[in-house]
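The structure appears below as structure tokens.
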Amino acid sequence: MGFFRVWAAKVKGLFTRQREDHEFDEEIRAHIHDLTERYLRQGMSRANAVKAARLQFGNVTLLQETQRAQRSFLSPAEWWGDIRFGLRMMRKKPGSNAAVIIALALGIGMNVAVFSFVNALLLRPPAVVHSMGSMVELWKHSRIAIDMQSYAPFSYPDYAYYRDHTQSLEGLLAFDGDGAQSIWNRNGQGQVVQGQLASGNFFSLLGVNALLGRTLSTSDDQLGSPHPVIVLSHSFWQRELASDPEIVGKTLVLNGAEFNVIGVAPQGFTGLLVGTSPDFWAPLTLQQQFTQDKDRLTSRQEFWLIVAGRLRPSVDRAKAQAEMRVFARQLGKDYPDSNKDFDTLIYPATLVPGPYRGYVEAFTGLILGVFVLVLMIACANAASFLLARATGRVREMAIRSALGAGRARLIRQMLIESLMLSSIAGLAGIAVAWWMAHLLLELKPAAIPLSISVPLDWRVLSFALVVSFATGILFGLVPALRSATVEAAPALKDETQTAGLRKSRLRTLLLIGEIATCVVLLAGATLCVRSLMHANSIDPGFDTQHIAVATLDPSTLGYSPAKIDAFYGRLLDRVRTLPGITAASYVSHLPLGTSREATSAGHHVAPDPDQVRVDLFSASPEYFATMGIPFRRGRDFTSKESESPDPGVVIVNEVLAQKMWPGQDPIGQRIALGGAKTTSEVIGEVKAGKYRTLGESPVAVVFRANPPEGKRTLVVRASGDARPLLDALARTVQDVDPLMAVTDSQTIEEYMALPLFPARATGLLLGASGILAVVLTAIGLFGVIAYVVSQRTHEIGVRMALGARETDVLKLVMRQGLFLTSVGLLIGLAGAIAAARLLSPLLYGIGANDPATLAAVTVTVTAVAMLACYIPARRAMRVDPTVALRYE
Amino acid sequence: MGEKKSDVLQGTLDLMVLKTLHAMGPLHGFGIARRIEQLSEDVLQLNEGTVYTSLLRLQQQGWIKSEWGTSDNNRKARYYSITRLGKKQLDLETENWERIAGVIGRVLRVERQG
Numbered sequence: 060m061g062f063f064r065v066w067a068a069k070v071k072g073l074f075t076r077q078r079e080d081h082e083f084d085e086e087i088r089a090h091i092h093d094l095t096e097r098y099l100r101q102g103m104s105r106a107n108a109v110k111a112a113r114l115q116f117g118n119v120t121l122l123q124e125t126q127r128a129q130r131s132f133l134s135p136a137e138w139w140g141d142i143r144f145g146l147r148m149m150r151k152k153p154g155s156n157a158a159v160i161i162a163l164a165l166g167i168g169m170n171v172a173v174f175s176f177v178n179a180l181l182l183r184p185p186a187v188v189h190s191m192g193s194m195v196e197l198w199k200h201s202r203i204a205i206d207m208q209s210y211a212p213f214s215y216p217d218y219a220y221y222r223d224h225t226q227s228l229e230g231l232l233a234f235d236g237d238g239a240q241s242i243w244n245r246n247g248q249g250q251v252v253q254g255q256l257a258s259g260n261f262f263s264l265l266g267v268n269a270l271l272g273r274t275l276s277t278s279d280d281q282l283g284s285p286h287p288v289i290v291l292s293h294s295f296w297q298r299e300l301a302s303d304p305e306i307v308g309k310t311l312v313l314n315g316a317e318f319n320v321i322g323v324a325p326q327g328f329t330g331l332l333v334g335t336s337p338d339f340w341a342p343l344t345l346q347q348q349f350t351q352d353k354d355r356l357t358s359r360q361e362f363w364l365i366v367a368g369r370l371r372p373s374v375d376r377a378k379a380q381a382e383m384r385v386f387a388r389q390l391g392k393d394y395p396d397s398n399k400d401f402d403t404l405i406y407p408a409t410l411v412p413g414p415y416r417g418y419v420e421a422f423t424g425l426i427l428g429v430f431v432l433v434l435m436i437a438c439a440n441a442a443s444f445l446l447a448r449a450t451g452r453v454r455e456m457a458i459r460s461a462l463g464a465g466r467a468r469l470i471r472q473m474l475i476e477s478l479m480l481s482s483i484a485g486l487a488g489i490a491v492a493w494w495m496a497h498l499l500l501e502l503k504p505a506a507i508p509l510s511i512s513v514p515l516d517w518r519v520l521s522f523a524l525v526v527s528f529a530t531g532i533l534f535g536l537v538p539a540l541r542s543a544t545v546e547a548a549p550a551l552k553d554e555t556q557t558a559g560l561r562k563s564r565l566r567t568l569l570l571i572g573e574i575a576t577c578v579v580l581l582a583g584a585t586l587c588v589r590s591l592m593h594a595n596s597i598d599p600g601f602d603t604q605h606i607a608v609a610t611l612d613p614s615t616l617g618y619s620p621a622k623i624d625a626f627y628g629r630l631l632d633r634v635r636t637l638p639g640i641t642a643a644s645y646v647s648h649l650p651l652g653t654s655r656e657a658t659s660a661g662h663h664v665a666p667d668p669d670q671v672r673v674d675l676f677s678a679s680p681e682y683f684a685t686m687g688i689p690f691r692r693g694r695d696f697t698s699k700e701s702e703s704p705d706p707g708v709v710i711v712n713e714v715l716a717q718k719m720w721p722g723q724d725p726i727g728q729r730i731a732l733g734g735a736k737t738t739s740e741v742i743g744e745v746k747a748g749k750y751r752t753l754g755e756s757p758v759a760v761v762f763r764a765n766p767p768e769g770k771r772t773l774v775v776r777a778s779g780d781a782r783p784l785l786d787a788l789a790r791t792v793q794d795v796d797p798l799m800a801v802t803d804s805q806t807i808e809e810y811m812a813l814p815l816f817p818a819r820a821t822g823l824l825l826g827a828s829g830i831l832a833v834v835l836t837a838i839g840l841f842g843v844i845a846y847v848v849s850q851r852t853h854e855i856g857v858r859m860a861l862g863a864r865e866t867d868v869l870k871l872v873m874r875q876g877l878f879l880t881s882v883g884l885l886i887g888l889a890g891a892i893a894a895a896r897l898l899s900p901l902l903y904g905i906g907a908n909d910p911a912t913l914a915a916v917t918v919t920v921t922a923v924a925m926l927a928c929y930i931p932a933r934r935a936m937r938v939d940p941t942v943a944l945r946y947e
Numbered sequence: 122m123g124e125k126k127s128d129v130l131q132g133t134l135d136l137m138v139l140k141t142l143h144a145m146g147p148l149h150g151f152g153i154a155r156r157i158e159q160l161s162e163d164v165l166q167l168n169e170g171t172v173y174t175s176l177l178r179l180q181q182q183g184w185i186k187s188e189w190g191t192s193d194n195n196r197k198a199r200y201y202s203i204t205r206l207g208k209k210q211l212d213l214e215t216e217n218w219e220r221i222a223g224v225i226g227r228v229l230r231v232e233r234q235g
């Protein structure tokens, strides 16, 4: 108890130091003054009285010093002295200090960079939202599906039911998870903007007030009579409308209809979903103005709403969960067709939707774990560097302790030095992190419509601070304790220092640990990089060069089917006349993208037990030629078939042909697609490719002849580089219809960044970790061996004087290093085999325990270790016995 | 070394200061020094500065508290007074002291035997 009170008083003393010093000086002065007065009254002369008073009071300066030390932890002068001394020590060996700092900075920096993503995705609450803690998110969970497929957002009728019946929630808001991409008619020119449909209570429930005007209200969002109003995001208002202060009350033309701007959202507000940053919000019930889907507001089969609510103060999550379960059961009873197998789960509302959090956590956790290991290697390096230096400073410590420095004082001195190293490294690490985070964001494929902001906010900065501090203590404490227990007498006697492995057991252990960790990291890195190479070399089944793609959706402009047809026809004609284009076509969606359509295929229209699941694409003539997909048999669609509303012909891929008509010619066979009333004739068979992911096993695919009326992707084949075509394509679209705008216009190389993203991201991150690990370990090994050699110079000199040859010395030193390496290697390989299992879901085309990888790692680590030992060993070899013996 | 001497003194000085404040009520440092001087009848030759070290220690333990007031000769002075916690501590230490003094007294009184 007393101990804590004194500490509390000392902590307080830290802040009141100046005032206390001043008051204390006053007190002393008054006391001495009173004593002097007393002596004067006793008849002493003034000079004698002052002297006597001083004598009786004692040493004032000493008292002030002890008082200051007692009042707080240390006098500022002492801190400053230690720091200055530390700086001097650092300047003495700038090279090795710099090496330690750089290693730590990279280690800390990578950790902070990864943490800044963890923060951006998982920790940071949505900006501007009022008391996020009481917000919860609802997700439908199917009892019969597995994994991520089992989670679904809400349908509109379900949302309305929950909203109207809940007692445990203050209110329930909804917004569409897909976003409402629309075309803004900006003075006769089309421009693509991103919208989000939101329920009328969206802003009020979140406690978000408009910067200008007002936000959406429930009267704007009435089923059947929605108001055509929008709230603009701050960034859109600033970027596109030059922060027009008079914007409220003006209208924007979106998708051919007028919308009243009723307000501007506050700065920083981007809604509740990570990765989205809408340009505007519109009432949910305006849904049909934004998508062509006519039943979204009535169907219970369309899951598109992300639903969140605010808990009433008296209600906890478990209670609310119980209520939601009751609703789910009730709806399951009332609408068995759509709701039978669904439960409703409740999650805390966060930027990453509840069901996905686990996956994001697992992935970022893995990466963070990897970089913590890298940091550990850097720490081990720093610790063995300090240990080596401490051995060199035994005499200094002995002198200090002989002169009366206490153990605590010595430890403090050493810790200040290590903390100085780590805080310099921490500062540099923040710079590394900032740079690294930007690099990682660059890697994100343009096709993912995600805008993630990765701010270096207070959470990231405090993480950096804590990591730097912890690192400093971690690598500094043991060397500090070591050097503080120095026995003054023997150290001061001029004892010859010898350093074999046994003399520095701790450093040996550190080094073995370092090598083992390095092996684990390097194995992981090699696996990921090899898997990336595999992924790059996987044949997607189409050309990945000389193709440009662009997405179009004229249906958002509210055009009639005839007008859309005309537009598409004219556009294709114009595009085909562009110079440098050899082929052009439309497809419903590209393989390996984010969209997918699937159905079943059988031999007859009637239920067929042999029917197979197929992925479905719709393509115009010349699609296969444009994409470089070869025909195995048969022919392409004709333009007549493409224009017919019911062409009755399809093209299949090899996989489907093999499945449905093994050993037969599929051309001329009939196929019944799910939901169709008649069968279609197979007119062609094309080479199989990859359709969903690069790592998938073969997928059966059917191509239909007529791409949809709405959204299509234009694919164009260039005779050379496709990049210069992108501008020409965008211009041509605007020439054909000034109101239209292309989205996602990119080369096929850029498009392929999307399917390759997971492999590239892990490859880059783990590759970096592996390289860092090898470099740091090599530095560590080099440092330790070099140190051992320098300590053994005398011994080596004696050996050589007694007739040892240079090669004997070389062997002696190398043996030591390689022994350590092989122990570390063995432990590391065992660790790598255990750890590789964590990686296996991220790997393409190789097993987690790939023998070639392990062999390569063994060879690399051994080679690096030999090099790291060879340089100091050569120095040992060159030792001149006469110099070495004179050295002491 | 002087340090050794003050180590011995430290505990007793704290006790004396505490007792003085208990007996006399709020006092400033000079007053405490005078009182101890008076009571010790010049047996204890004390650097009066150490009184302040003792005062700070006691204050950090929460056994005494201080506030600024005006002294008899109309100057600003810091007055120290004992706290409730300090009174409890004083009782404890007094008891302790008496027990130890008793033991030591007995030990010293023991006649050389046989």
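Protein chains in written order, with the numbering used here: chain A, 60 to 947; chain B, 122 to 235.
Ideal placement from N, C-alpha and C gives every residue a C-beta, glycine not left out.
Note that the structure is a prediction, hence the values are computed from the model and not measured.
Inter-residue spacing [alpha-carbon to alpha-carbon] between residue i and residue j
i: Thr544 of chain A; j: Gly754 of chain A; result: 59 Å
i: Gly559 of chain A; j: Leu871 of chain A; result: Residue confidence for Gly559 of chain A is low, a pLDDT of 43 falling below 50, so the modelled location carries little weight; the figure read from the coordinates is stated next. Using only the alpha carbons, I get a separation of about 11 Å.
i: Gly652 of chain A; j: Ala316 of chain A; result: 30 Å
i: Phe339 of chain A; j: Asp724 of chain A; result: 54 Å
i: Thr423 of chain A; j: Ala381 of chain A; result: 32 Å
i: Ala582 of chain A; j: Pro638 of chain A; result: 49 Å
i: Ser127 of chain B; j: Ile167 of chain A; result: Because the pLDDT at Ser127 of chain B is just 42, under 50, the model does not fix this residue reliably, and the value given afterwards should be weighed accordingly. Computed Cα separation, rounded: 49 Å.
i: His298 of chain A; j: Leu271 of chain A; result: Rather than His, the amino acid found at residue 298 of chain A in this sequence is Arg. Between Arg298 of chain A and Leu271 of chain A, the C-alpha separation is close to 16 Å.
i: Leu815 of chain A; j: Glu229 of chain A; result: 44 Å
i: Asp303 of chain A; j: Lys309 of chain A; result: 10 Å
i: Thr191 of chain B; j: Glu162 of chain B; result: 28 Å
i: Arg202 of chain A; j: Glu740 of chain A; result: 39 Å
Chain B residues whose Cβ lies nearer than 8 Å to that of residue i
i: Thr125 of chain A; result: Thr174
i: Arg64 of chain A; result: Gln181, Gln182, Gly183
Of the listed residues the options, nearest to residue i (C-alpha basis)
i: Leu364 of chain A; options: A:Ser278, A:Ile844, A:Tyr210, A:Ile426; result: A:Tyr210
i: Val938 of chain A; options: A:Leu486, A:Leu586, A:Gly856; result: A:Gly856
i: Asp237 of chain A; options: A:Pro514, A:Pro212, A:Arg245; result: A:Pro212
Beta carbon of residue i nearer than 8 Å to that of residue j
i: Ala492 of chain A; j: Val171 of chain A; result: yes
i: Lys718 of chain A; j: Pro650 of chain A; result: no
i: Ile306 of chain A; j: Leu291 of chain A; result: yes
i: Leu898 of chain A; j: Ala891 of chain A; result: no
i: Asp217 of chain A; j: Leu390 of chain A; result: yes
i: Gly883 of chain A; j: Val578 of chain A; result: yes
i: Gly254 of chain A; j: Ala239 of chain A; result: yes
i: Ala800 of chain A; j: Ile242 of chain A; result: yes
i: Tyr645 of chain A; j: Tyr627 of chain A; result: yes
i: Leu163 of chain A; j: Thr530 of chain A; result: yes
i: Gly183 of chain B; j: Leu206 of chain B; result: yes
Residues that residue i contacts on chain A, provided the C-beta gap is smaller than 7 Å
i: Thr215 of chain B; result: Within 7 Å Cβ-Cβ: nothing; Thr215 of chain B doesn't reach chain A, min ~17 Å.
i: Thr171 of chain B; result: Gly117
Partner residues on chain B for residue i, Cβ-Cβ distance less than 9 Å
i: Glu82 of chain A; result: Trp189, Arg199
i: Leu122 of chain A; result: Asn168, Gly170, Thr171, Tyr173, Thr174
i: Ala464 of chain A; result: In chain order: nothing, as chain B lies at least about 15 Å away.
Inset, instruction - Select from the region 92-120 of chain A all residues with a C-beta closer than 8 Å to any C-beta belonging to chain B, and list them in chain order. - result: Asp93, Leu94, Gln115, Phe116, Gly117, Asn118, Val119
Inset, instruction - May I ask you to list, following chain order, the residues of the region 175-209 of chain B that have a beta carbon less than 7 Å from some beta carbon of chain A? - result: Leu177, Arg178, Gln181, Gln182, Gly183, Arg196, Ala198, Arg199
Inset, instruction - Mind checking the region 147-168 of chain B against chain A and listing, in chain order, the residues whose C-beta falls within less than 7 Å of any C-beta there? - result: Gly150, Phe151, Asn168
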